[in-house]
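K.L.:
So the sequence shown is numbered by the working numbering: it starts at 2 and just counts up by one.
Before I ask anything, let me first share the structure, which is written out below as C-alpha coordinates.
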Amino acid sequence: MKLLAAGDSFTYGEELTDLNNAWPYLLGKKIGYDVLNLARPGAGGMRVLRTVVEQTFVDKPDLVVISWPSPGRFEFADQDGFFDIWPGYVGPMFKDFSPWRYQLIDYITKHHNEQYLHNQIKFTK
(Lines of atoms letter the chains of each structure in order from A and count residues from 1; the text may use other names and numbers.)
(Lines give C-alpha, C1' and ligand atoms only; values in the text may rest on other atoms or scores of the structure.)
Protein backbone atom coordinates (compact mmCIF):
# COMPACT_ATOMS: atom_id res chain seq x y z
CA MET A 1 0.00 0.00 0.00
CA LYS A 2 1.24 3.48 -0.85
CA LEU A 3 0.62 6.81 0.90
CA LEU A 4 1.20 10.03 -1.05
CA ALA A 5 1.82 13.09 1.13
CA ALA A 6 1.87 16.67 -0.13
CA GLY A 7 2.33 19.99 1.60
CA ASP A 8 4.95 22.53 2.64
CA SER A 9 8.02 22.45 4.90
CA PHE A 10 6.08 21.05 7.85
CA THR A 11 5.08 17.99 5.82
CA TYR A 12 8.50 17.78 4.19
CA GLY A 13 10.19 17.74 7.61
CA GLU A 14 12.55 20.64 6.93
CA GLU A 15 12.88 21.45 10.63
CA LEU A 16 14.02 17.91 11.46
CA THR A 17 17.55 16.51 11.48
CA ASP A 18 16.24 13.25 9.99
CA LEU A 19 13.56 13.61 7.28
CA ASN A 20 12.41 10.06 8.03
CA ASN A 21 10.89 11.49 11.22
CA ALA A 22 8.51 13.78 9.28
CA TRP A 23 4.88 13.06 10.08
CA PRO A 24 4.05 11.33 6.74
CA TYR A 25 6.67 8.67 7.46
CA LEU A 26 5.48 8.23 11.03
CA LEU A 27 1.90 7.87 9.76
CA GLY A 28 2.98 5.41 7.07
CA LYS A 29 4.83 3.32 9.61
CA LYS A 30 1.83 3.30 11.95
CA ILE A 31 -0.63 2.16 9.25
CA GLY A 32 1.80 -0.05 7.30
CA TYR A 33 2.06 2.02 4.10
CA ASP A 34 5.06 2.91 1.97
CA VAL A 35 5.38 6.70 1.80
CA LEU A 36 5.97 9.00 -1.13
CA ASN A 37 6.47 12.43 0.45
CA LEU A 38 6.25 15.07 -2.29
CA ALA A 39 6.06 18.05 0.05
CA ARG A 40 8.35 21.01 -0.67
CA PRO A 41 9.52 23.77 1.63
CA GLY A 42 7.75 27.02 0.78
CA ALA A 43 5.05 25.34 -1.32
CA GLY A 44 1.78 27.15 -1.85
CA GLY A 45 -1.66 25.66 -2.38
CA MET A 46 -1.50 25.57 -6.19
CA ARG A 47 1.80 23.69 -6.15
CA VAL A 48 0.39 21.20 -3.67
CA LEU A 49 -2.75 20.72 -5.76
CA ARG A 50 -0.79 20.31 -9.01
CA THR A 51 1.56 17.81 -7.37
CA VAL A 52 -1.31 15.68 -6.07
CA VAL A 53 -3.18 15.68 -9.37
CA GLU A 54 -0.08 14.85 -11.43
CA GLN A 55 1.31 12.19 -9.11
CA THR A 56 -2.00 10.47 -8.45
CA PHE A 57 -2.06 9.38 -12.08
CA VAL A 58 1.61 8.40 -12.11
CA ASP A 59 2.04 6.63 -8.76
CA LYS A 60 -1.57 5.53 -8.16
CA PRO A 61 -1.39 5.82 -4.35
CA ASP A 62 -3.87 4.06 -2.11
CA LEU A 63 -4.11 7.05 0.21
CA VAL A 64 -3.43 10.76 -0.32
CA VAL A 65 -2.86 13.08 2.64
CA ILE A 66 -2.63 16.81 2.03
CA SER A 67 -1.41 19.38 4.50
CA TRP A 68 -2.61 22.67 3.05
CA PRO A 69 -0.19 25.58 3.44
CA SER A 70 -1.14 29.12 4.35
CA PRO A 71 -3.58 30.70 1.88
CA GLY A 72 -1.17 33.64 1.75
CA ARG A 73 1.31 31.73 -0.41
CA PHE A 74 1.09 32.26 -4.15
CA GLU A 75 2.55 30.34 -7.05
CA PHE A 76 3.99 32.04 -10.12
CA ALA A 77 6.10 30.92 -13.06
CA ASP A 78 8.71 32.54 -15.24
CA GLN A 79 11.51 31.48 -17.58
CA ASP A 80 13.25 29.78 -14.63
CA GLY A 81 10.22 27.68 -13.64
CA PHE A 82 7.57 27.68 -10.92
CA PHE A 83 8.11 29.46 -7.61
CA ASP A 84 6.06 30.26 -4.52
CA ILE A 85 6.12 33.52 -2.60
CA TRP A 86 4.31 34.97 0.37
CA PRO A 87 3.96 38.39 1.97
CA GLY A 88 7.11 39.55 3.69
CA TYR A 89 9.33 36.77 2.37
CA VAL A 90 13.00 37.52 2.97
CA GLY A 91 15.67 34.98 2.30
CA PRO A 92 18.00 33.42 -0.22
CA MET A 93 15.42 31.53 -2.27
CA PHE A 94 15.74 33.81 -5.31
CA LYS A 95 19.37 34.90 -5.14
CA ASP A 96 20.20 33.45 -8.56
CA PHE A 97 17.02 34.53 -10.31
CA SER A 98 15.46 37.63 -11.85
CA PRO A 99 15.29 40.66 -9.54
CA TRP A 100 11.65 41.19 -10.51
CA ARG A 101 10.75 38.32 -8.17
CA TYR A 102 11.64 40.59 -5.24
CA GLN A 103 9.48 43.33 -6.77
CA LEU A 104 6.60 40.88 -6.84
CA ILE A 105 7.18 40.02 -3.18
CA ASP A 106 7.12 43.75 -2.35
CA TYR A 107 3.84 44.15 -4.21
CA ILE A 108 2.23 41.13 -2.52
CA THR A 109 3.43 42.36 0.88
CA LYS A 110 1.98 45.85 0.35
CA HIS A 111 -1.41 44.71 -0.95
CA HIS A 112 -1.98 41.59 1.13
CA ASN A 113 -4.60 41.95 3.85
CA GLU A 114 -7.42 40.10 5.59
CA GLN A 115 -10.01 41.15 3.00
CA TYR A 116 -7.84 39.80 0.19
CA LEU A 117 -7.48 36.45 1.95
CA HIS A 118 -11.21 36.34 2.66
CA ASN A 119 -11.91 36.93 -1.03
CA GLN A 120 -9.46 34.17 -1.98
CA ILE A 121 -11.17 31.49 0.08
CA LYS A 122 -14.84 32.51 0.13
CA PHE A 123 -17.36 30.40 -1.69
CA THR A 124 -19.33 31.90 -4.54
CA LYS A 125 -22.93 31.10 -5.34
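From the three backbone atoms N, C-alpha and C, an ideal C-beta is built for every residue, glycine too.
Just to confirm my understanding: we take Asp63, look at its own chain, exclude 5 residues before and 5 after, and list those with CB closer than 8 Å. What are they?
P.N.:
The residue labelled residue 63 in the question sits at position 62 within the sequence shown. Closer than 8 Å at Cβ, skipping near neighbours: Met2, Lys3, Leu4, Tyr34.
K.L.:
Measure the alpha-carbon distance for Val36 versus Pro88 and round it to whole angstroms.
P.N.:
Your numbering for residue 36 matches position 35 in the sequence shown. Your numbering for residue 88 matches position 87 in the sequence shown. About 32 Å.
K.L.:
Do Asp9 and Pro70 have their C-beta atoms within less than 8 Å of each other?
P.N.:
Taking the sequence shown and counting its residues from 1, the one referred to as residue 9 is at position 8. Taking the sequence shown and counting its residues from 1, the one referred to as residue 70 is at position 69. Cβ atoms of Asp9 and Pro70: closer than 8 Å.
K.L.:
Look at the Cβ atom of Asp85, then the Cβ atom of Arg48, and state whether they are nearer than 8 Å.
P.N.:
Working through the sequence shown from its first residue, we reach residue 85 at position 84. Working through the sequence shown from its first residue, we reach residue 48 at position 47. Yes, the Cβ-Cβ distance between Asp85 and Arg48 is below 8 Å.
K.L.:
Give me the residue from Asp79, Gln116, Lys111 with the minimum Cα distance to Arg102.
P.N.:
Position 101 of the sequence shown holds residue 102. For Arg102, the nearest C-alpha among the options comes from Asp79.
K.L.:
Could you tell me which residues DSSP pairs with Asn38 in its beta bridges?
P.N.:
The residue labelled residue 38 in the question sits at position 37 within the sequence shown. In the DSSP output, where bridge partners are listed per residue, Asn38 has Ala6.
K.L.:
For the alpha helix (DSSP H) that contains Val59, what are its first and last residues?
P.N.:
Here residue 59 is taken as the residue at index 58 of the sequence shown, counted from 1. Its alpha helix (DSSP H) spans residues 46-60.
K.L.:
Give the DSSP bridge partners of Asp85, in chain order.
P.N.:
Against the sequence shown, residue 85 aligns to sequence position 84. Per DSSP, Glu76.
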